[in-house]
Structure formats: structure tokens, C-alpha cells
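Asks: The structure is given below, and queries will be raised subsequently.
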Amino acid sequence: MGAILEVEKLEAFYGRTQALHGVNFAMEEGGITTVLGANGAGKTTMLRAISAMVKTKGAIRFGGKPIDAKATEQIVAMGIAHVPEGRGTFVDLTVEENLRIGMFARRDKRHASRDMDRVYELFPILRQRRRQHAGTLSGGEQQMLAVARALMLGPRLLLLDEPSLGLAPLVVREIFRILRAINKESGVSILLVEQNASLALDLADHVFLLETGRVVLSGTSDVLKKDDAIRRSYLGY
Amino acid sequence: MDIFVQQVMSGLATGGIYASLALALVMIYQATDVVNFAQGEMAMFATYIAWSMMHAGLPYWGAFLATLVIAFVGGVVIQRVIIRPVEDKPILTIVIVTLGLLVICNSIAGWVWTYLQKPFPSPFPREPIRVGNVVFGAHDLGEIGVTLVMLALLFAFFRFTPLGLAMRAAAQNPVSSRLAGIRVSWMLALGWGLAAVFGAVAGLMVAPILTLDPNMMGGIQIYAFAAATLGGFTSPVGAVVGGFMVGIVENLVGTYVSFIGTELKLTVALAMIIIVLLVKPSGLFGRTHTRRV
Numbered sequence: 009m010g011a012i013l014e015v016e017k018l019e020a021f022y023g024r025t026q027a028l029h030g031v032n033f034a035m036e037e038g039g040i041t042t043v044l045g046a047n048g049a050g051k052t053t054m055l056r057a058i059s060a061m062v063k064t065k066g067a068i069r070f071g072g073k074p075i076d077a078k079a080t081e082q083i084v085a086m087g088i089a090h091v092p093e094g095r096g097t098f099v100d101l102t103v104e105e106n107l108r109i110g111m112f113a114r115r116d117k118r119h120a121s122r123d124m125d126r127v128y129e130l131f132p133i134l135r136q137r138r139r140q141h142a143g144t145l146s147g148g149e150q151q152m153l154a155v156a157r158a159l160m161l162g163p164r165l166l167l168l169d170e171p172s173l174g175l176a177p178l179v180v181r182e183i184f185r186i187l188r189a190i191n192k193e194s195g196v197s198i199l200l201v202e203q204n205a206s207l208a209l210d211l212a213d214h215v216f217l218l219e220t221g222r223v224v225l226s227g228t229s230d231v232l233k234k235d236d237a238i239r240r241s242y243l244g245y
Numbered sequence: 220m221d222i223f224v225q226q227v228m229s230g231l232a233t234g235g236i237y238a239s240l241a242l243a244l245v246m247i248y249q250a251t252d253v254v255n256f257a258q259g260e261m262a263m264f265a266t267y268i269a270w271s272m273m274h275a276g277l278p279y280w281g282a283f284l285a286t287l288v289i290a291f292v293g294g295v296v297i298q299r300v301i302i303r304p305v306e307d308k309p310i311l312t313i314v315i316v317t318l319g320l321l322v323i324c325n326s327i328a329g330w331v332w333t334y335l336q337k338p339f340p341s342p343f344p345r346e347p348i349r350v351g352n353v354v355f356g357a358h359d360l361g362e363i364g365v366t367l368v369m370l371a372l373l374f375a376f377f378r379f380t381p382l383g384l385a386m387r388a389a390a391q392n393p394v395s396s397r398l399a400g401i402r403v404s405w406m407l408a409l410g411w412g413l414a415a416v417f418g419a420v421a422g423l424m425v426a427p428i429l430t431l432d433p434n435m436m437g438g439i440q441i442y443a444f445a446a447a448t449l450g451g452f453t454s455p456v457g458a459v460v461g462g463f464m465v466g467i468v469e470n471l472v473g474t475y476v477s478f479i480g481t482e483l484k485l486t487v488a489l490a491m492i493i494i495v496l497l498v499k500p501s502g503l504f505g506r507t508h509t510r511r512v
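If you read the sequences in order, they're chains A and B. The first sequence runs contiguously to residue 245 in the numbering used here. The second sequence runs contiguously to residue 512 in the numbering used here.
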């Protein structure tokens, strides 16, 4: 299979501050890639750059087509679903309305109701709470809702920004189990930013390490798991 | 008792006007945190357009519908051309821009149509409707009807259509909405368009009572502020309930408190704004968002 996402010499800016300094990487269609790095290394910026939420220079191609000049809304419509840091829940809307918003940009709405059923199968708790305001959900449920909302797009690529943040270990494990299932069954590619390196390395097939806006290390997770630098800094043994 | 019922009814009628304009204010405030001080003047301007069309021979309801369409387009254009360039500027900048818009609307209306008062037709029959000893103005009843129909349509739009849902989402969480592929900036423009429509309805309904002139909406705007404040400025339902309440209170106080009469009625609205802000700043239906730090 070919590359679903290719990034070349990517630079990103917040006003005058440069956050990414020429990042290069590619990810395979159907793969799971994780981005590791310390706070402020540019992981979140990386995802925001792909979704055109920050000013960028350099080339980004999605399924071979350049997307670096497109607006966020267009990129989403092409099939990139971004679950932002902090989950981006619409707290005053119901769970079901949140899911319907996820459907807004999808071009093919024929299978929408089937997909909603599918999402409810993956996250049964959301079906129970579907008339409830999303703000009343627990943190873990909101994270599930965020992933579910992204899936309603019928995406080819899922960008996930720290899905484990602030959640209990059991809940995190459950979410990661579901992510693996989604990837296996529907072939959605996943680009994951994660602080919890050991979980991320277990899930992902490819890893790259960001340091102050540059890729300093990349490879398959099997190899990098054994890398001394990664082990000491991110796995802690 | 008859006088009381009658005053409540006519309070509801003017309340419907306040409710429409208050709803317009709240719709824009919710989406953008901006209070549109020009809302009333935009409504006045729309009413003049309706007057011109009727003057040119269009039947009432034809002119009514055409005015709503023009108001909608006008609202969208104003947002795109005037508000959007200052969208991410400090709040004070936007407030000054809307104040400027107020002055511009007022002056252009005076320049085009003069400051002379113009009688404006009501689509409802002249004869009052009598129920027992109580007399209802037909225009009052019609006005309440029109307001309620508009509210029902708006509610259905927001509740049941994908576009309505997208607008609510954009107002609530713009960043997340963009990530869901919603064109937030256009949703705001649509909001301005809808708000202008509701303002225009208020103008069209009040003009037969006050007669049309460029300063017609000045007082109404203050009542609408009182209504929106009472309702909490973040709640459309609150704006509507607030509008009807302000209308009723204003009428009852004017009738039963002799020194207020008709001259000091506007003061009642201002007093209501101050009391609400002192006692319960979030209003009756407003939500205060508390955030964990």
C-alpha cells in the first residue's frame, strides 16, 4: 500500500515563533504511527499543521494530493478527522447531536445511520447516554465521544491528540483497545500523539520522536522499543 | 380586573416586539460575544424598505416577505463586509463598529426618507375584538401571533435541521466546529442574517403603533436590552420570556403607578436592567460557566 500522508520540510509558526523546523515523515495507508516527544516539542503543532490550524510552510500530501494550501474545512471533507487536545466536546449539545456534527462534512451520507449504529456498538455507553448533554459525561466518556464523533466522518486518517490525557488507566486501555479494533476492521490510518509512550508503542507500528520541532529519530516501534534513548527518556526503565 | 387583563394583553403584544429584537441581540451575542447596538436601526431601515415597496404598490404580505429576504441578505452582507474584518480585534473595537453602524443606518434613513413621521399600515383589521368586557386590539393579537409563528419556525430550524445544528455548534465551539468541517465564519454570517430578519419583524410590527420615523427603534432597542438582560443574554428562550415580561411589567407599572404614566415608562426598562444586573447578573435563564482551575 502507498503512503497516505507525506510531510516534507514542514515548518509551522505561531505569529513569529517557529514551532516546527523542517519536519519530514511519511505514513503508510492503514498504519498506526505515533509521535513521541517532550512537552513543547511540537507534537500538537504537527497535527494542527496537517489540519491547517496554524500557519505553515512546506509540503503536506494526503493520498498523493497536496493539502498544504487548503482550508481546514476542505481538509476535513477529504477524510482527515482530527480529535483535538482537550477533546473538543460540544458540551451543551446532546451526545447524539455531537455525533451528527461529526457527520457534517462527509460526502457520502447514505451509510450514515449504519455508521451511527456501528459507533454505538463500539461505544455502548454512548448509546445509553445519547439524549444527555455531552457536558454531563465523564472524562473518559467524553474522550470516547470525541473518537466516535471523528469516526462519523468516515475518515481515511484519524489524528488523535493525547487521548489518554487525564483519564484513569483502565479507561485508557479500553480506548486503545477500541482504536486498535477500528484500525484493524475499517483500515483507518491513525496518527497518534501521546505522552503515554509504552501504550503508544504497543499500539503503533511506526514511531517518530520530535525534539524542539525536529524529527530526531524514527523507525518501526519494534526497533525503537529497544532503543536506549527512548527507553530511558520515555519508558522509564 | 378587566383593565388588568387588557393591560396584560397589550403588554404581551408589545412584549412580542421586544422579544423579537431581544432574540436578534441574543443570537448574535451567543455566537460572537458581541452586542449589536445597531440591531434596532437595522430593523428600522428594513421597515423603511417595506414602506417603499408598499408605496410602490406591493400588497402588504408580499412586501412583508420581500423585506424579510432583503433583511436576511443585508444582515449577511453587513457581517461579511463590516464585521468580519474586525472579528478578531478587541471587543471594544467591534462595539464601536456596531455603534458606527447605528449612526450610519439612522442618517441614511433620514437622508433617503426624511425625518417626517410616516403612517405605516397594519395587516390586521381595525375593529377591536370584544370578549365580555375586555377589548383586544386586532393588531395586538395579530402581532402576538406573528411573533409566536416566527419563534416556532426558528426553534424548528435550530432543533431539526443540520444547518441549524451546525450554527449552534459554531456558536459553542468554533475550533471544534472547524475540525468537523463546518464553515464557522459563514455560520456567523447566517446568524447575522437571521437576527436581521427578527429585527425586521419587530420593526414591521411596531411601525403601525409608533408610526415610522428614523428614531422609531431607539426606545424599543432599550426595552430589548432589558428583555435580553432579564433572560440572561445567553438564552434564546430567556430573551423571548424576558421580552414578554418586560412588555407586561411596563404596561402594568404605567397603568397602576400613577407618577410613571406614559412619560416615565422607558425608565422602567432601565431600572429593570439595573436590578437584574445587581441581583442576578446571569439573568433568569442565563448560564454562568464556571471553570476548574
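Built from N, CA and C at the ideal position, the CB exists for glycine as well. None of these values were measured; they are calculated from a predicted model.
(1) A:F216 lies in the beta strand (DSSP E); which residues open and close that run?
(2) I need the boundaries of the beta strand (DSSP E) containing A:K17, first residue and last residue.
(3) Give me the Cβ distance between B:A421 and B:I439, rounded to the nearest whole Å; I'm assuming they're in contact under 8 Å.
(4) Which chain B residues sit within Cβ distance under 8 Å of A:R108?
(5) Apart from the five residues just before and just after A:K63, which ones in its own chain have a Cβ nearer than 6 Å to its Cβ?
(6) Report all residues from its chain with a CB closer than 6 Å to the CB of B:F343; omit the five preceding and five following residues, and keep chain order.
(7) Could you give the C-beta distance for A:T42 and A:L200, rounded to a whole number, given that I count them as a contact under 8 Å?
(8) Please state whether the Cβ-Cβ distance between A:L134 and A:V103 is less than 9 Å.
(9) Just verifying my parser: in three-state terms, what is the DSSP assignment at A:Q26?
(10) What does A:L187 touch in chain B if you count any residue whose Cβ is under 7 Å from its own?
(11) Along the chain, where does the alpha helix (DSSP H) that runs through A:K117 open and close?
(12) If you measure between the beta carbons of B:L372 and B:A250, is that distance less than 9 Å?
(13) Measure how close the beta-carbons of B:V460 and B:Y442 come, nearest whole angstrom, since I'm counting them as under 8 Å.
(14) Scan the region 92 to 104 of chain A for residues whose Cβ lies nearer than 8 Å to a Cβ of chain B and list them as they occur along the chain.
(15) Mind checking if A:F131 is an interface residue toward chain B, Cβ cutoff 9 Å exclusive?
(16) In chain A, which residues lie less than 8 Å from B:S395 when you measure between Cβ atoms?
(17) Is the beta carbon of A:L246 sitting closer than 9 Å to the one on A:D169?
(18) Output needed in chain order: residues of the region 54 to 79 of chain A with a Cβ under 7 Å from some Cβ in chain B.
(19) For A:R95, which option in A:N106, A:E219, A:G23 has the closest C-alpha, if you only look at C-alpha atoms?
(20) Take B:A243 as the anchor and find which of B:S229, B:L231, B:A232, B:Q258 has the nearest alpha-carbon.
(21) What is the rounded straight-line gap between the Cα of B:I313 and the Cα of A:R188?
(22) When the Cα atoms are used, what is the spatial distance from A:I333 to B:A375?
(23) Put B:M261 into one of helix, strand or coil per three-state DSSP.
(24) Measure the Cβ-Cβ separation of A:A156 and A:L130 and say whether it is below 9 Å.
(25) List, from N- to C-terminal side, the beta strand (DSSP E) runs of 3 residues or more that fit wholly inside the region 69 to 134 of chain A.
(26) Any idea what DSSP makes of B:F256, helix, strand or coil?
(27) Given A:K17, which residues of its chain have a CB within under 8 Å of its CB, disregarding the five upstream and five downstream residues?
(28) So, does the CB of A:L243 fall closer than 9 Å to a CB anywhere in chain B?
(29) A:L161 CB to nearest chain B CB: under 9 Å?
(30) Counting only Cβ-Cβ distances shorter than 7 Å, please list the residues of the region 163 to 178 of chain A near chain B, keeping chain order.
(31) Take B:A385 and list the residues in its own chain whose beta-carbon comes closer than 8 Å to its own, dropping the five residues that flank it on each side.
(32) Let me check understanding here. Comparing Cα to Cα, which of A:I198, A:L101, A:D125 lies closest to A:G38?
(33) In this structure, how does DSSP classify B:I348 when only helix, strand and coil are distinguished?
(34) Where in the region 273 to 353 of chain B do unbroken runs of the beta strand (DSSP E), each at least 3 residues long, occur, reported from the N-terminal end onward?
(35) Mind pulling the chain A residues with CB within less than 7 Å of B:R402?
(36) Under the three-state reduction of DSSP, which class applies to A:S172: helix, strand or coil?
Replies: Put simply:
(1) 214 to 219
(2) 11 to 22
(3) 7 Å
(4) P381, L384
(5) F21
(6) A357, H358, G361
(7) 4 Å
(8) yes
(9) strand
(10) In chain order: nothing, as chain B lies at least about 18 Å away.
(11) Run containing A:K117: none; DSSP gives neither H nor E here.
(12) no
(13) Contact flag wrong, Cβ pair sits at about 14 Å.
(14) P92, G96, T97, F98, V99, D100, L101
(15) no
(16) P92, G96, T97, F98
(17) Because chain A spans 9 through 245 in this model, residue 246 of chain A falls outside it and cannot be assessed.
(18) S59
(19) A:N106
(20) B:Q258
(21) 48 Å
(22) The requested residue 333 of chain A does not occur in the structure, where chain A is confined to residues 9 to 245.
(23) helix
(24) yes
(25) 88 to 91
(26) coil
(27) G30, V31, N32, K65, G66, A67
(28) no
(29) yes
(30) none
(31) S396, I401, M406
(32) A:I198
(33) strand
(34) 348 to 350
(35) E81
(36) coil
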